[in-house]
Every structure is written in structure tokens, then in C-alpha cells.
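Here's the structure, in C-alpha cells; my notes come after.
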Amino acid sequence: MPLPDEILTLLQNSKYVHLGTCSDNIPHVSLMNYTYVEEGSPYKEDRPAIVLTSKRDANKVKHITSNPNVSILIHDWTTTRRSSATSSGLARMIQDMNQTEMSSRSATLQGTATIVEDKEKHQYFLNKHLEGCAKEALNFTDSDMVVILVHISGATVVDVENHVQTYRLD
4 MPLPDEILTL
14 LQNSKYVHLG
24 TCSDNIPHVS
34 LMNYTYVEEG
44 SPYKEDRPAI
54 VLTSKRDANK
64 VKHITSNPNV
74 SILIHDWTTT
84 RRSSATSSGL
94 ARMIQDMNQT
104 EMSSRSATLQ
114 GTATIVEDKE
124 KHQYFLNKHL
134 EGCAKEALNF
144 TDSDMVVILV
154 HISGATVVDV
164 ENHVQTYRLD
């Protein structure tokens, strides 16, 4: 089952995701660059996936190794900054209107993460990630780096009016 359009729109327009991992009942959240990969890649991915990279010794990698169940938060919020007190009333009103229009929904994706060990598969997904992210955002592309592949199994979408929709990709 493909992802719903509202989730695809978030994935195609957002720059970062928040990756949630947990090990030994200790949660960890990381802000990450990502690349969305549809199902059916040359490696026969049977579900949509998110590609991430990390240093091998990072907490998230240790957590994924012991507990592959992860969640990913993605949203269309543009900023959390408040209007400046020195801004004119009109400028604040326009900024607030723009912020309200832009900040309409978030999605929490559930999935299973794996560290890609196969060298060819690793290189394929790393290349996809380099195409999808600004190269300067990838601070580590040496032997200390791992590619993380998160296969999406479900999602919950919430809008600003607290309408909740849940999807399973089984």
C-alpha cells in the first residue's frame, strides 16, 4: 500500500525528520537529514523507506542495534520563533497568518530500522541520500558512517485542529 498523499507531501517538502529510538527504556530523539525512497527500489524494498546516515558510534545506532523499532516525526512547521516586539502590527499579523497556513500537520511514522551492511546496497542508498540532501549536511562520509534504512509500517497524521488519521501499510 502506498503512503497517503498528505504524508508524501510532507516527505517531499520537509528537510528534516526527528528519529525516535529506544534501548533499555531510555528514549533518544535525533534531528536528521533524510531521503524518502518509494517501494520497489532495485533492492526490492517491499515498503516505502527513509534513508538516514549516522556515525557508527552514535546513540541512535546503538539503540537500533538492540531495538529496531523506531518512530519518525515529520512536520510542515516553518519556525517556532515568535514575532519580534519591534515588528509592526501588520508585519506580525502577516507572519502569524503565514505561519498558521504553513503549519498545518505532522505525521508520526512507525517502522523498523536496519543498519545496511551489504556494501552494494549501502552504496546505492548512500548515493540516493547524497542526491536528496545537500552534501554539506552530511558531515561524515567515511568508514565511520553507517546507512540506516527505516521501512515504514504505519503512520499517524494530525492537523492543527487535532484531526487524527491512522494508516497501516501491512
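Quick note, the sequence shown lines up with residues 4 to 173 if you use this note's numbering. Ideal placement from N, C-alpha and C gives every residue a C-beta, glycine not left out.
On a Cα-Cα basis, can you pick out the residue from the options that is closest to residue i?
{"i": "residue 67", "options": "170, 7, 22 and 166", "result": "22"}
{"i": "residue 163", "options": "39, 13 and 109", "result": "109"}
{"i": "residue 51", "options": "121, 152 and 161", "result": "152"}
{"i": "residue 150", "options": "26, 27, 59 and 14", "result": "59"}
{"i": "residue 37", "options": "30, 18 and 24", "result": "18"}
{"i": "residue 54", "options": "29, 32 and 20", "result": "20"}
{"i": "residue 77", "options": "127, 5 and 33", "result": "33"}
{"i": "residue 117", "options": "63, 161, 13 and 9", "result": "63"}
{"i": "residue 122", "options": "114, 31 and 148", "result": "148"}
{"i": "residue 120", "options": "114, 135 and 146", "result": "146"}
{"i": "residue 5", "options": "154, 107, 167 and 166", "result": "154"}
{"i": "residue 115", "options": "135, 136, 24 and 28", "result": "24"}
{"i": "residue 156", "options": "171, 134, 165 and 166", "result": "171"}
{"i": "residue 107", "options": "79, 93 and 134", "result": "79"}
{"i": "residue 31", "options": "14, 65 and 7", "result": "65"}
{"i": "residue 134", "options": "8, 39, 7 and 13", "result": "39"}
{"i": "residue 127", "options": "45, 13 and 173", "result": "45"}
Look at the Cβ atom of residue i, then the Cβ atom of residue j, and state whether they are nearer than 7 angstroms.
{"i": "residue 75", "j": "residue 129", "result": "no"}
{"i": "residue 26", "j": "residue 70", "result": "yes"}
{"i": "residue 42", "j": "residue 49", "result": "yes"}
{"i": "residue 158", "j": "residue 29", "result": "no"}
For the alpha helix (DSSP H) that residue i lies in, which residues bound it at each end?
{"i": "residue 33", "result": "Not the alpha helix (DSSP H): residue 33 falls in the beta strand (DSSP E), residues 29-36."}
{"i": "residue 26", "result": "Here residue 26 belongs to no alpha helix (DSSP H); instead the beta strand (DSSP E) covers 19-26."}
{"i": "residue 107", "result": "Note, residue 107: premise wrong, no alpha helix (DSSP H); not H, not E."}
{"i": "residue 8", "result": "8-16"}
{"i": "residue 64", "result": "62-69"}
{"i": "residue 134", "result": "122-135"}
Output the boundary residues of the beta strand (DSSP E) element that contains residue i.
{"i": "residue 58", "result": "52-58"}
{"i": "residue 162", "result": "148-162"}
{"i": "residue 78", "result": "72-78"}
{"i": "residue 167", "result": "167-171"}
Please check the pair residue i and residue j, which I expect to be a contact at CB under 8 angstroms, by giving their CB distance rounded to whole angstroms.
{"i": "residue 132", "j": "residue 56", "result": "6 angstroms"}
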